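All remarks here apply to the structure that follows.
Number of protein chains: 2
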Amino acid sequence: MQNFEFQNATKLIFGKDTEEAVGKEAVVYGKKLLLHYGGGSIKESGLYDRVVKSLHEQGIEIIELGGVKPNPRVSLVREGVKLCKENEINFILAVGGGSVIDSAKAIAAGVKYDGDVWDFFTGESVVTDCLPLGVVLTIPAAGSETSGGTVITNEEGWYKRATGHNSMRPQFAILNPELTYTLPSYQTACGITDMMAHILERYFTNEKNVDLTDRLCEAALKTIINHAHTVLEEPTNYNARAEIMLAGTVAHNDSLSTGRIGDWGSHDIEHEISGIYDIAHGAGLAIVFPAWMKYVYKHDINRFVQFANRVWDVEIDLNDLEKTALKGIEKTEQFFSSIGMPVTLQEANIGEEHFAEMSKKGTERGPLGNFVKLYEDDVHHILKLAK
Amino acid sequence: MQNFEFQNATKLIFGKDTEEAVGKEAVVYGKKLLLHYGGGSIKESGLYDRVVKSLHEQGIEIIELGGVKPNPRVSLVREGVKLCKENEINFILAVGGGSVIDSAKAIAAGVKYDGDVWDFFTGESVVTDCLPLGVVLTIPAAGSETSGGTVITNEEGWYKRATGHNSMRPQFAILNPELTYTLPSYQTACGITDMMAHILERYFTNEKNVDLTDRLCEAALKTIINHAHTVLEEPTNYNARAEIMLAGTVAHNDSLSTGRIGDWGSHDIEHEISGIYDIAHGAGLAIVFPAWMKYVYKHDINRFVQFANRVWDVEIDLNDLEKTALKGIEKTEQFFSSIGMPVTLQEANIGEEHFAEMSKKGTERGPLGNFVKLYEDDVHHILKLAK
């Protein structure tokens, strides 16, 4: 187990009707805020009205910035930074899913910086301080509601890049599983894949003697697998929605990765795909992760055997560990497929035309991943396995 | 799943040599602190000198209060409160195990209160604010290093009572598994029992649809069970010590109990025993918990079957669920016994002479527990089962 520091101070407010507390939670940070959101869905659902009412009841002045798109763009982030600076805003409230929260985090960092916010994503500068922000979550997926990270896309060259800092963790995150009832099946399944991928990235590590966090990862994966089909078949099943929503947060709050170094190669490869093709992040991960597994499993067959056995209940064949490992990978792929995800690029209508470009762009700042270091050629091979 | 709020902002600093950072962490809270500790063990081990050196390097003035005993006393807490007030101390550093940390927390609350600190433990008053405190942990057991609770004993009448508040969670907790190498086997085993009991108290709930937290609890229990014998047989095995130490924190940081109501009846009964007999808390729990299980399992056989199956790998006998449930209880008792814990009062040289008194005193503020409400008679029965 590695030495580590862990601190996640986000106040989690979970359950039915909890969004009604948003005004009370936000007013602690001042009487004016930036309300950041995506498209029309929060207006259609009535959530927008309930949030505004709760904020107004606390006498909070609202400056609005909607229009966040999936794979949130740096252009809107820049607009948000300008708006905050002009209006002397000291708190940002993100109402939406991971894209909205990531956009809000980037704005929160940008406001405290004199240069261009994209500098944080190129490595030109590092985040050291942020405006405080709060979240009302509508999509369980990205785990951004308590994480210290953000992923933003630059339309100039379609670069999708990540940055992070502990100060980016929201002050509070309000999670009402009822708000997820109206999510379409496809989006629900993308979210499920995303949160599973967050755990898998942490699970596949070279670190030995990480029994507790291995088992916590397996517990979270099994829970998600158990309830995935229920939320798809019964979208208004509170209990199943609650399990999935809480699991999405646990998957990415960093408690599962204490003392270990995760991989994150599959995420980086997926960022190359969704940077160009604007495919949903979860769908991209459902395609990349099984291909990555097939490419790297020989690096540590025993870890893949443990995964197959403990997560997928595959019996360990001691005469053929490789067979056991491969069964676990097969089960993973079949599961993604069973919840309606594409598991090949072809299913997502993505051809080979940008393989070379993606492999080059993805590795231009160095190899990807930690479990196995992936160079340009490796990424190219994984993309071919994902065809 | 219940609605819940969860926030645990303690900064966890885990690993080899991490106590060297104590000065740097503490100086954030000022240049003077109360150094609170127990007996001579931290002086013998050299830890005291290393901590003092690190504090002095940051120019921190140290006011000392040692002498915390197991089942920490309110008399010393009162002394600490007086010392802090007289010296205008704004930060407390606890170096030791749960007793030292609990004592420090009570002092931290008492300093912010005009009345007698014992009021917090009788229900006369409630904690709303505390001095900030930090921890260097030497005994993995109580989980007090990131919890918001404290248990103190009043020598006048030997009352052992608990109180808590989120502000009592330490600002930082430094956990170096190497510091636990010198713990005697008995104390190590008491700690293992205590942390398992913290998880079991959370596990046995009437709340339905708590799959994620059930599985997280099971993961932590299995980890502790896996490594318990190793730390007893190889006290300087870093990897096993690290698993146990981290598990002790996870067991009681409240992440395992989100959305569910724990029981805590066994803890309350044990407090009656160790309030009178000054037996180690962990040993008391090893005696009470199996007896409690035998008394209540019929209330929800399926939960006990799940426990037997998932934690102890007992095969589910669908023709005789009760048998499966009882096997899980038997395995629990055998395990405690195997690590050197007493599992009957007799083994701890405790007779029946105070059964009536303990049952009466324990329930004088109302019934104990939540899974099954325990009245005076029930507690008496459980004590008899523990004979």
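Chains as they are written, first to last, in this note's numbering: chain A, 7 to 393; chain B, 7 to 393.
Note that the Cβ used here is the ideal one computed from N, Cα and C, for glycine as well.
All values reported here derive from a predicted model rather than from experimental measurement.
query                                                                                                                                                      : result
At what residues does the alpha helix (DSSP H) containing residue 49/A begin and finish?                                                                   : 47-50
Check whether chain B comes within 9 Å of residue 290/A, counting only Cβ atoms and requiring the distance to be less than that.                           : no
Which of helix, strand or coil does DSSP assign to residue 166/B?                                                                                          : strand
Just curious, the alpha helix (DSSP H) that residue 93/A is in, first and last residue?                                                                    : 80-93
Given that residue 233/A touches chain B, what residues does it touch there, using C-beta distances under 8 Å?                                             : 217
Along chain B, which residues have their Cβ under 7 Å away from the Cβ of residue 221/A?                                                                   : 225, 228, 229
Would DSSP call residue 233/A helix, strand or coil?                                                                                                       : helix
Comparing the C-beta of residue 5/B with each C-beta of chain A, is any distance below 9 Å?                                                                : This structure cannot speak to residue 5/B, because chain B is shown only from 7 to 393.
Classify residue 117/A: buried if its beta carbon has 16 or more other beta carbons within 10 angstroms, exposed otherwise.                                : buried
Cα-Cα, which of 24/B, 318/B, 274/B is closest to residue 366/B?                                                                                            : 274/B
Residue 13/B lies in the beta strand (DSSP E); which residues open and close that run?                                                                     : 10-20
Taking contact to mean at least 3 C-beta pairs separated by less than 8 Å, is the region 329-340 of chain A in contact with the region 350-363 of chain A? : no
Taking only the alpha-carbon atoms, compute the straight-line gap between residue 145/B and residue 150/A and give it to the nearest angstrom.             : 34 Å
Once you ignore the five residues that flank residue 322/A on each side, which residues in its own chain have a CB closer than 7 Å to its CB?              : 311, 315, 330
Who are the neighbours of residue 12/A on chain B, taking C-beta pairs under 8 Å?                                                                          : 17, 18, 20
If you compare alpha carbons, which of 368/A, 387/A, 383/A, 393/A is closest to residue 168/A?                                                             : 368/A
Consider the Cβ of residue 25/A: report whether some Cβ of chain B lies at a distance smaller than 9 Å.                                                    : no
Is residue 187/A helix, strand or coil by DSSP?                                                                                                            : coil
Who are the neighbours of residue 153/B on chain A, taking C-beta pairs under 9 Å?                                                                         : Neighbours of residue 153/B on chain A: none; closest Cβ ~15 Å, over 9 Å.
How do the region 9-17 of chain A and the region 10-30 of chain B stand: do at least 3 beta-carbon pairs fall below 8 Å, yes or no?                        : yes
Ignoring anything shorter than 3 residues or poking outside the region 113-147 of chain B, list the beta strand (DSSP E) runs there in chain order.        : 139-143
Could you round the C-beta distance between residue 74/B and residue 109/B to whole angstroms and report it? I think they count as a contact, below 8 Å.   : 5 Å
When you compare the CB of residue 248/A with every CB in chain D, is at least one pair closer than 9 Å?                                                   : No chain D appears in this structure, whose protein chains are A and B.
Report the residues of the region 263-279 of chain A with a CB closer than 9 Å to any CB of chain B, ordered along the chain.                              : 264, 265
Where does residue 267/A fall in DSSP's three states?                                                                                                      : coil
Check whether the Cβ atoms of residue 348/A and residue 293/A sit closer than 9 Å, and answer yes or no.                                                   : yes
Whose C-beta lies closer than 7 Å to the C-beta of residue 87/B among residues of the same chain, with five residues either side of it excluded?           : 113, 116, 117, 123
Buried or exposed for residue 333/A, going by 16 or more other Cβ atoms inside 10 Å?                                                                       : buried
According to DSSP, is residue 211/B helix, strand or coil?                                                                                                 : coil
Counting only beta-carbon separations shorter than 9 Å, does residue 252/A have a partner in chain B?                                                      : yes
Out of 249/B, 163/B, 14/B, which one is the CA nearest neighbour of residue 364/B?                                                                         : 163/B
Which same chain residues, not among the five before or five after residue 174/A, have their C-beta less than 6 Å away from its C-beta?                    : 111, 136, 154
According to DSSP, what are the bridge partners of residue 157/B?                                                                                          : 168/B
Determine the burial state of residue 128/A: buried for a count of at least 16 other Cβ atoms within 10 Å of its Cβ, exposed for fewer.                    : exposed
Counting only beta-carbon separations shorter than 9 Å, does residue 256/B have a partner in chain A?                                                      : yes
Quick check on the DSSP output: the beta strand (DSSP E) that includes residue 102/B runs from which residue to which?                                     : 98-102
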